[in-house]
Structure formats: C-alpha cells, structure tokens
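Everything on this sheet refers to the single structure shown next.
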Amino acid sequence: MLFSLISKQMKMLVRNKQPLIILLVMPLVLITILSSALGSIMDGGNEAAIQANLLIVDNSSWAQEESAIKQFLEQEGIKGPPLDAMLTQFKSSEPLELLNSTILASDEMKKYIAVDYKKTVDLKTARQDEKIDGILNIPVDFRLNYIKTAYFKSTNFPDLSLYLNQDNEIRASIIESVLTDWQRGYTQSAILSKAGLSPQEIMSNVRTVEKIEQVLEVNERMIPASIYYTVGMLVMFALYIPAFLAGFALQEVQWKVYDRILLAGVSPVLYSLSIFFTGTFVAFIQQTVMLLFGMFVLGIEWISLEGMVIIIVSYSVFVGALSALMTTLQFRTKAEGIANLFNGLFITVFSFLGGSFFNIRDISETLGKIGDFTPNGATMSAILSIQKGQDLSVIWPFMLAIYVLVIVCVLLSIVFFPRRGVAE
Amino acid sequence: MLQAINLSKKFKTKEVVREISMELSAGESVGLLGPNGAGKSTTISMLSSLVQPTSGDVLWNEKSIAKNPESLRKTLGVVPQEIALYPELSARENLAFFGRVYGLKGELLETSITDVLKKIGLLDRQKDIVKTFSGGMKRRLNIGAALLHRPSILIMDEPTVGIDPQSRAYILETVKQLVEEGMTLLYTSHYMEEVEMLCDKIYIMDQGKIIAYGTKEELKGLVSENQTIELKANILKANFEKSLSEQFPKATIHIEEEILTISMSKNEEPLATIFALAAANNVVITSAIVKVPSLEDVFLHLTGKALRD
C-alpha cells in the first residue's frame, strides 16, 4: 500500500516538467554558472583563509653570543682571518637565520604563517593568548651550542621548546609541520656539514612549503567554488521538494482522488507517511544527482563518504518531514498559500542565512551562527566541514539541529493532519 | 441496508442539508434528483463517510458508521462528480493504483483492470495518458475506477455532467447493465430522464431538503390530477386566450414562443371546446399535444420552478 502511494507520487513528479526543471535542471545550471563565474574570486580569496600565528621568543642573539663563539673557536685553534671567515659563514647559515630570513620570509610561506618576534616574554601569558597558534622558545646560547655540535665534536645538541595552541588543530599542525621540517633539516645539516655539504643546500624552504600543502591536504583542504556552490545549491533546491509534494496532495484533494484513497481504507496517517517517504527519497535522489554531477562534470573529489551519507540521509529525512508538515498545513488551510509563502519567502531567507549564495560569515558572524540553525545552513556547514578534511565529529552539532527540526515537523504533522476527509 | 437518519450539515452558518432521511436496500436502484446546489453531493459525502454530519447519523447494516467508517467504505464504489483521476498517468496505471490501494494485487488485480476496461470500453486506450482523453472517456474511466474492487453499492454523483450525447448514452447503458447484474445504486442527477431510466425509487431534493420520495409512478401521481395541453397555431390572438380563460376558469394558461400551454384537471375533456373556440376566433390550430406528467412536472409542481433553473 505504502509502496503504491510512493510509486504514484514519484510518477506524478517525474511526468511533470515543472518539478523536474526546478528540482534538477535549475540547480545543475546554477552550480555550473556560479562555480565558473565566481570561482576565480572565491578560490583566490580562500588562499589566505588558513594562516597560523607564530610567536618566536628568541632568548639569544648573534650579538650576545658572538664573543662566546669566537672564544670557543679560538680554543679550537682557529685564529686570525680564518676565524673571521668562519664567523661570517656561521652567521649566515645558522638555523635561526635560515628560519627567519629564508623559510618564514618567503612569499609562499607568508600565506600560511604570520610571524611575530619577541626577545623576552612571559610564556604563561603568551600561551593563554587565543590568537597565538604556536610559540617557539629559543634558549640562551642556542647558536653557540649549535655550532659546537654541528661543526665540532660536541654532542650536546641545543633544545628548543615549541608550544602549540590545540584550539585550532589545523593551524597548529601547520606550525608543527614547518618547524619539525626545519629542525630535521638543521639536524641533518649538522651531520652532513661534517661531510662537506653546506646547510643551505639541505634546508630548502620549498620543501617546507610542500610539506604545509600536504598538511592542508590531509587536514583542511581549501573549498573551491565548485564544491561551495554544489553544496549551496544542493541544500537550497531540496527545499523546493516539500512545496511540490504538498501541491500535488492538494490537487488530489481538489480532484477528489484523496477521497477515493480514503474510501479505499487508506488511513490519513499512512497517506501522510507516504508523503514523508516520497520527500525523503526524492531529496536523496536529487542530492545524489548533484553530487555525482559535481564529481563527474566539475571534477570534485568528495571526501569522507561515510560523513556525506550521514548528512545527505539526515537532510533527506528532514525534507521528507517538512513535506508531510506542509501537506498537513495545506490540507488544513485548503489553499496553496502555505507552499507559495514557503517557496517565495522562506527558501530565499533560509538560503541567504544558510550561505547558499555566499558565505554569510563574511558579512556577520552572528548571521552565520543563525544560519547554522536553518536546516539548509546546518547541512551546508556540516558538508563543508568534512570536505575541508575535518573530523567526522564536527557534523554532530549540525545534525542535532536537523534531527530536532525533523521531530518538530513530524509531531506537528501527526497532531494536525485531518483525520477524516478534507472537504469539511 | 444503508440508512440516513435525520442528516443535517452546516458549513459555517449555511445549512446545506436539512434533516434528510433515506434508505438504500440491497439490489435497489435509488435516484436522488434535484437542481444544482440542492445538497446532493454533500448528502453523498455524508453517506459515504467522507463528511461528518452536523447532526443525524448514517447506519450501515443498522450500525452507526460514525466511529467505524471503515466497515462501510470498502463495500462502496463512489463515482464523484469531479474527474477523480491522475491526468499524467495512463488509464491502466490509474486503475492499477486504485486497485492496489483497495488491496488488489497480482493476477486478481490484472483481471479486474482488464474486466473494467472492457466494461467501460477503454481496453484499446488503456496505455494512453488520461489527459489526452475526451471528456466522455474520462467520465467512463472515472466510473471504472470505482468498480475495480467489485463494490456492493455504487454511488454516482452526476456521472454524465458535461459530456457528449454518445458518451452519455454509453455510460447510462453501462450503469443499466450494472443494475441488472444486481448492483445496489444511488444515482444523483439533475437530469430527470436519467433518474427515470435507471432508478426504481426516487428522492427529490431541493434547498437541502427531501421534498418528495417514492416510485416513479407514486411521484407522478402527485401531479396526475392535472393534464397539460400544448397548442401551436398560425397566430395566437389575445381574444382566443381570453375565450379559453372564460371557458376554463380553473386552468392555468400561458403563451411562450408561439406555444400556448393549458394546464387543467385531467377530468375535463377540453379538446373539442378548444378547437371550437379557435374556429370562432379565426385561429387555425396546427398541432395539439396532450402531455403525460414527468418528473420535471413533479418538481415544477412541488417547487414552482424548473429542475434546471
């Protein structure tokens, strides 16, 4: 029985041009246009979106340690012009110099890490600063100890302290990646320099940038316009399904087909349930088509299949519940006003708040937070989060909002659905 | 037996059905005759449990359907006045859907669909989309959808509205066959000749009330005290009408579009007198018809207005 009702509703949808155009053709066209038209702006703008703040606290300096280094070299039997030449060489190739002047100073690296230098700082206070993603603490006599170890027989390798702010794992991991690479680089250079290779040849900043991009790839990839608008249109156009299904249901009442269905012994609850399942199924198909379109036409690589399935199924269930509620309201009012109001006003406002056309947080963080409570906004945020590479756990607060809305819609449908005919 | 007991229905402040009582016994064919807006469709909706009466009750086999409408519903085949079909589906798909919601499946469903398509003469158009059908074909399919589950009672609400005479004749013939096969029928119409042709017992309804009921003969008996004579003449002079009025003071006489109609007691034999008066007034009568009372006359007699007014 339920299957017959769903199958009939599917046939009505498929054999009407208007829903097909609005539910499938329009979003695909819009995705294509918006992705290509706004792609260059959006994709370029996003490059600076992930920038970690690094504080380097340098408790030593070349100036402070130069005399000690000179004294050490003299003790090692190096004097006169060779000593001066060696000092110059050490000054230009010591790890901190390479880090500050080469690695962190490159244009590529500046996109990812903003550096602030301080001589002395209260580490406890600095670590509580939410704006700082990482603190590199350089101990006293670091340069001296490095030279002793890298070029002479000392095995007392200088220690560094790195504090990472775990509030933002992505930014922290960028800093960690760069500094680990740097540290490994100068450690290796210390060993290799003994074999006659210069540190500069080993510690290339290019390799470090590549490493950062690998970190981003693994942890938080950039969201290009194609992904953004595929998701934006996907969540927006699913909201048109309830109005179509409620519209068909009202037609059934007007044509007296609904009376026939009731006379056949179909309970109103079962009928309402069929609308719910049809809405869910159509929404799932619609979203799947759009995701496949993004994949095969726009070349999007959707990641976290498990998360995507959870989100898409949850949102589809919401669309089904909203379809049942809208049908109930139309049966109660016996007019298309509810569906028209929803299509004309609610979808526009929800899409704006949910960020279907642009990231609402660019205008206002408050509006962005409100948008996360709209079903489409919550779904969009959840999809984009996992598409950035974030952990699956980030979707649950968004999904909770969806499930609450599902429960509200289902309860209202059950309470208000007309138990007898609609003619009264 | 399906019974309506003092059924009334109010929509907001308007009372559209007022204390109607009627009965439908197994194998009976009952007509509900009345002009548009008389309350026939609302009455049918209450009888078929789709609309809750404001007061009164509907009994099915002497039990109220108020709390258990399902007991009645599956035994009913209802043909609404509207074309209650899906225009985007084919004839067969429509029948298959309605058959399935009635619980038919498999071989039984397929056989029922084919039988119904044969009965309504649409077997050769079964795969065509309904929206491409003529009005008459849609009406036939509308009836077919109510027959799939082989109901014991068929309720038809104005099933021939707005169709061509050929389709109308086909539908009436189909319904007549169903009645002959023993189907219990409740047929509403404002076409008195349809009700007269199909029904044994007739309820006449006007302004939400049953104003008369009985067999065709019993109803016609209500107006059989009168006879109606229609005259056509070369010219209808005022003097002739005046002479007739003087000669038959109890008769009702009126002239409309060159036809003079005289309504008077059937006990009188007026033709010879009428022809004599015509000759005296130099009026040449070209035709004279003495009319037997019809249900139309019954309605006119009871309400003072024509059935299709």
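Taken in order, these protein sequences are the chains called F and A.
Numbers 1 to 424, taken from our numbering, label the letters of the first sequence in order.
Numbers 1001 to 1309, taken from our numbering, label the letters of the second sequence in order.
All C-beta atoms, glycine included, are put in the ideal place defined by N, C-alpha and C.
Cα-Cα separation between residue i and residue j, rounded to whole angstroms
{"i": "asparagine 165 (chain F)", "j": "methionine 290 (chain F)", "result": "38 angstroms"}
{"i": "isoleucine 1285 (chain A)", "j": "isoleucine 1235 (chain A)", "result": "9 angstroms"}
{"i": "leucine 1123 (chain A)", "j": "leucine 1117 (chain A)", "result": "5 angstroms"}
{"i": "proline 95 (chain F)", "j": "tyrosine 186 (chain F)", "result": "6 angstroms"}
{"i": "alanine 150 (chain F)", "j": "methionine 399 (chain F)", "result": "54 angstroms"}
{"i": "glutamine 1052 (chain A)", "j": "isoleucine 363 (chain F)", "result": "55 angstroms"}
{"i": "threonine 120 (chain F)", "j": "threonine 348 (chain F)", "result": "54 angstroms"}
{"i": "lysine 334 (chain F)", "j": "isoleucine 1259 (chain A)", "result": "50 angstroms"}
{"i": "serine 1064 (chain A)", "j": "leucine 1002 (chain A)", "result": "10 angstroms"}
{"i": "isoleucine 1155 (chain A)", "j": "proline 1080 (chain A)", "result": "8 angstroms"}
{"i": "alanine 1169 (chain A)", "j": "isoleucine 241 (chain F)", "result": "44 angstroms"}
{"i": "glycine 368 (chain F)", "j": "asparagine 359 (chain F)", "result": "8 angstroms"}
{"i": "alanine 48 (chain F)", "j": "glycine 389 (chain F)", "result": "Residue confidence is low: alanine 48 (chain F) scores 46 on pLDDT, short of 50, so the model does not pin down where it sits. Its coordinate-derived value is still stated next. Each residue's Cα considered, the two are about 17 angstroms apart."}
{"i": "isoleucine 310 (chain F)", "j": "proline 224 (chain F)", "result": "22 angstroms"}
{"i": "leucine 426 (chain F)", "j": "serine 1134 (chain A)", "result": "Residue numbering for chain F in the displayed model covers 1 to 424; residue 426 (chain F) lies beyond these limits and cannot be assessed."}
{"i": "alanine 52 (chain F)", "j": "leucine 179 (chain F)", "result": "13 angstroms"}
{"i": "serine 204 (chain F)", "j": "isoleucine 22 (chain F)", "result": "Interpretation of serine 204 (chain F) is limited by its pLDDT of 46, a score under 50 that renders its predicted location unreliable; the figure taken from the coordinates is listed afterwards. Whole-angstrom Cα-Cα distance: 54 angstroms."}
{"i": "serine 441 (chain F)", "j": "threonine 1188 (chain A)", "result": "In the structure as shown, chain F starts at 1 and stops at 424, and residue 441 (chain F) therefore has no counterpart that could be examined."}
{"i": "methionine 1264 (chain A)", "j": "leucine 1302 (chain A)", "result": "16 angstroms"}
{"i": "isoleucine 6 (chain F)", "j": "glycine 1121 (chain A)", "result": "29 angstroms"}
{"i": "glycine 45 (chain F)", "j": "isoleucine 33 (chain F)", "result": "With a pLDDT of only 49 at glycine 45 (chain F), under the threshold of 50, the placement of this residue in the model should not be trusted; the figure read from the coordinates follows. Whole-angstrom Cα-Cα distance: 19 angstroms."}
{"i": "alanine 1004 (chain A)", "j": "glycine 371 (chain F)", "result": "56 angstroms"}
{"i": "glutamate 1088 (chain A)", "j": "leucine 1172 (chain A)", "result": "27 angstroms"}
Exposure label - residue i; buried when at least 16 CB within 10 Å
{"i": "valine 410 (chain F)", "result": "buried"}
{"i": "glutamine 969 (chain A)", "result": "Only positions 1001 to 1309 of chain A appear in this structure, which leaves residue 969 (chain A) out of reach."}
{"i": "leucine 54 (chain F)", "result": "buried"}
{"i": "tyrosine 228 (chain F)", "result": "buried"}
{"i": "lysine 124 (chain F)", "result": "exposed"}
{"i": "phenylalanine 416 (chain F)", "result": "exposed"}
{"i": "glutamine 200 (chain F)", "result": "Low confidence applies here, because glutamine 200 (chain F) scores a pLDDT of 48, under 50, leaving its location unreliable and the question unanswered by this model."}
{"i": "glutamate 1194 (chain A)", "result": "buried"}
{"i": "alanine 238 (chain F)", "result": "buried"}
{"i": "proline 81 (chain F)", "result": "exposed"}
{"i": "arginine 1150 (chain A)", "result": "exposed"}
{"i": "glycine 1304 (chain A)", "result": "exposed"}
{"i": "proline 1069 (chain A)", "result": "buried"}
Where the beta strand (DSSP E) containing residue i begins and where it ends
{"i": "histidine 1190 (chain A)", "result": "Run containing histidine 1190 (chain A): none; DSSP gives neither H nor E here."}
{"i": "asparagine 1281 (chain A)", "result": "Note, asparagine 1281 (chain A): premise wrong, no beta strand (DSSP E); not H, not E."}
{"i": "lysine 1010 (chain A)", "result": "1002-1011"}
{"i": "glutamate 1230 (chain A)", "result": "1226-1233"}
{"i": "aspartate 1297 (chain A)", "result": "Unbroken run through aspartate 1297 (chain A) is the alpha helix (DSSP H), 1295-1303; no beta strand (DSSP E)."}
{"i": "lysine 118 (chain F)", "result": "113-118"}
{"i": "isoleucine 1259 (chain A)", "result": "1259-1265"}
{"i": "arginine 1018 (chain A)", "result": "1014-1024"}
{"i": "glycine 1056 (chain A)", "result": "1055-1060"}
{"i": "asparagine 359 (chain F)", "result": "No beta strand (DSSP E) contains asparagine 359 (chain F), which DSSP labels as neither H nor E."}
Presumed contact (8 angstroms Cβ cut-off) between residue i and residue j, rounded CB distance
{"i": "glutamate 1130 (chain A)", "j": "serine 1090 (chain A)", "result": "Glutamate is not the amino acid found at residue 1130 (chain A); the sequence shown has valine there. Indeed they touch by this definition, with Cβ atoms about 7 angstroms apart."}
{"i": "aspartate 1157 (chain A)", "j": "lysine 1074 (chain A)", "result": "About 19 angstroms separates the two Cβ atoms, so there is no contact after all."}
{"i": "asparagine 1281 (chain A)", "j": "lysine 1237 (chain A)", "result": "6 angstroms"}
{"i": "valine 235 (chain F)", "j": "asparagine 376 (chain F)", "result": "4 angstroms"}
{"i": "threonine 374 (chain F)", "j": "leucine 353 (chain F)", "result": "5 angstroms"}
{"i": "isoleucine 1204 (chain A)", "j": "tyrosine 1191 (chain A)", "result": "Between tyrosine 1191 (chain A) and isoleucine 1204 (chain A) the Cβ distance is about 13 angstroms, and since that is not below 8 angstroms, they are no contact."}
{"i": "serine 1008 (chain A)", "j": "serine 1055 (chain A)", "result": "5 angstroms"}
Contacts that residue i makes with chain A (C-beta to C-beta distance below 7 angstroms)
{"i": "serine 4 (chain F)", "result": "Phe1097, Arg1100 and Val1101"}
{"i": "isoleucine 261 (chain F)", "result": "Val1101"}
{"i": "glycine 355 (chain F)", "result": "Per Cβ cutoff of 7 angstroms: no residues; glycine 355 (chain F) is ~36 angstroms from chain A at best."}
{"i": "arginine 15 (chain F)", "result": "Glu1088"}
Residue interval of the alpha helix (DSSP H) (run including residue i)
{"i": "aspartate 1206 (chain A)", "result": "It is not in any alpha helix (DSSP H) - aspartate 1206 (chain A) instead sits in the beta strand (DSSP E) that spans 1201-1206."}
{"i": "histidine 1254 (chain A)", "result": "No alpha helix (DSSP H) contains histidine 1254 (chain A), which is instead part of the beta strand (DSSP E) from 1252-1256."}
{"i": "arginine 1092 (chain A)", "result": "1091-1101"}
{"i": "aspartate 129 (chain F)", "result": "First-last for aspartate 129 (chain F): undefined, no H or E at that position."}
{"i": "glutamine 1081 (chain A)", "result": "Where glutamine 1081 (chain A) is concerned, there is no enclosing alpha helix (DSSP H), given that its DSSP letter is neither H nor E."}
{"i": "lysine 1220 (chain A)", "result": "1216-1221"}
{"i": "serine 7 (chain F)", "result": "2-14"}
9 angstroms Cβ cut-off: residues of chain A touching residue i
{"i": "tryptophan 435 (chain F)", "result": "Residue 435 (chain F) is absent from the model: chain F starts at 1 and stops at 424."}
{"i": "methionine 1 (chain F)", "result": "Arg1100, Val1101 and Gly1103"}
Closer than 7 angstroms at the beta carbon, the chain F residues around residue i
{"i": "serine 1048 (chain A)", "result": "Leu263"}
{"i": "arginine 1073 (chain A)", "result": "Leu263 and Gly265"}
Chain-ordered neighbours of residue i on chain F, where CB pairs are closer than 8 angstroms
{"i": "glutamate 1070 (chain A)", "result": "Gly265"}
{"i": "alanine 1145 (chain A)", "result": "Arg260"}
{"i": "leucine 1076 (chain A)", "result": "Leu263"}
Contact list for residue i against chain A, beta-carbon separation under 8 angstroms
{"i": "methionine 10 (chain F)", "result": "Chain A residues near methionine 10 (chain F): none, gap ~11 angstroms exceeds 8 angstroms."}
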